[in-house]
Amino acid sequence: TNAYAALTAEEKTFAKNTIVVYAPHPYIFISKCKATDDGFTIVSEGNELEIGDGKEESPNSVPKWEDSKLKRLPLVWTNPVTGRNHLQAHGCCVLRLETYDGPVTKENMESGKLKLVNSLSLEESRSKLHSLFGRSIAPGRI
1 TNAYAALTAE EKTFAKNTIV VYAPHPYIFI SKCKATDDGF TIVSEGNELE
51 IGDGKEESPN SVPKWEDSKL KRLPLVWTNP VTGRNHLQAH GCCVLRLETY
101 DGPVTKENME SGKLKLVNSL SLEESRSKLH SLFGRSIAPG RI
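So the sequence shown is residues 1 to 142, counted in UniProt numbering.
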């Protein structure tokens, strides 16, 4: 099942207006964590390594990183051949979801027209992604 097609109208608007910000050094960030039973995201138990500001590192933090190099990608992608929208996110590596006041398109992002209206915490982001993708990754649908 197409995860995007299974969303409500309200969820589709949220998804179109949202980008996924991925953690720096994502697999190091989650190296002490365990996945959810369905493998889609990470159990939020506070076992992630510290991120800090990226300028310093310690045994309990990810290596140095730069904000400009964080991956920020749309939650909704449009198939250029069919024109159909699809949800796409790597639930294990998410750091946060950022929602804007309009659809996240390349043109809108580059023009600076969009304004950030909400940023979900790590735990909220994981939960939200799980709820958006949940209908499509249920055992009976795979």
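All C-beta atoms, glycine included, are put in the ideal place defined by N, C-alpha and C.
Whole-angstrom distance between residue j and residue i, CA atom to CA atom
| i | j | result |
| --- | --- | --- |
| leucine 73 | serine 111 | 16 Å |
| lysine 115 | tyrosine 100 | 5 Å |
| isoleucine 137 | alanine 35 | 14 Å |
| isoleucine 28 | proline 103 | 32 Å |
| glutamate 10 | lysine 113 | 22 Å |
| alanine 89 | valine 81 | 20 Å |
| proline 139 | serine 68 | 38 Å |
| leucine 129 | cysteine 92 | 10 Å |
| leucine 120 | aspartate 37 | 23 Å |
| lysine 64 | glutamate 56 | 6 Å |
| proline 97 | arginine 135 | A small correction: the amino acid at residue 97 is leucine; proline does not occupy that position in the sequence shown. Those two C-alpha atoms are separated by around 19 Å. |
| glycine 83 | lysine 106 | 16 Å |
| glycine 39 | leucine 49 | 19 Å |
| valine 20 | glutamate 124 | 12 Å |
| glutamate 66 | leucine 95 | 14 Å |
| tyrosine 22 | asparagine 2 | 23 Å |
Cβ distance (whole Å) where residue i is taken to contact residue j below 8 Å
| i | j | result |
| --- | --- | --- |
| leucine 132 | leucine 87 | 6 Å |
| glycine 46 | proline 24 | The pair is not a contact, with the Cβ atoms about 18 Å apart (cut-off 8 Å). |
| serine 44 | leucine 122 | 7 Å |
| serine 61 | isoleucine 51 | 7 Å |
| tyrosine 4 | asparagine 85 | 5 Å |
| arginine 126 | threonine 8 | Between threonine 8 and arginine 126 the Cβ distance is about 20 Å, and since that is not below 8 Å, they are no contact. |
N- and C-terminal bounds of the alpha helix (DSSP H) containing residue i
| i | result |
| --- | --- |
| leucine 27 | In the sequence as presented, leucine is not what sits at residue 27; that position holds tyrosine. From DSSP, the alpha helix (DSSP H) with tyrosine 27 extends over 26 to 29. |
| threonine 13 | 9 to 16 |
| lysine 128 | 122 to 137 |
Start-to-end residues for the beta strand (DSSP E) that takes in residue i
| i | result |
| --- | --- |
| leucine 73 | 72 to 74 |
| histidine 86 | 85 to 87 |
TODO: Report yes or no: do the segment 7 to 18 and the segment 74 to 88 share at least 3 C-beta pairs separated by less than 8 Å?
DONE: Result yes; three or more Cβ-Cβ pairs closer than 8 Å.
Task: Continuous beta strand (DSSP E) assignments of at least 3 residues falling wholly in the segment 93 to 118 - done: Within the segment 93 to 118, complete beta strand (DSSP E) segments of at least 3 residues are found at 94 to 100, given in chain order.
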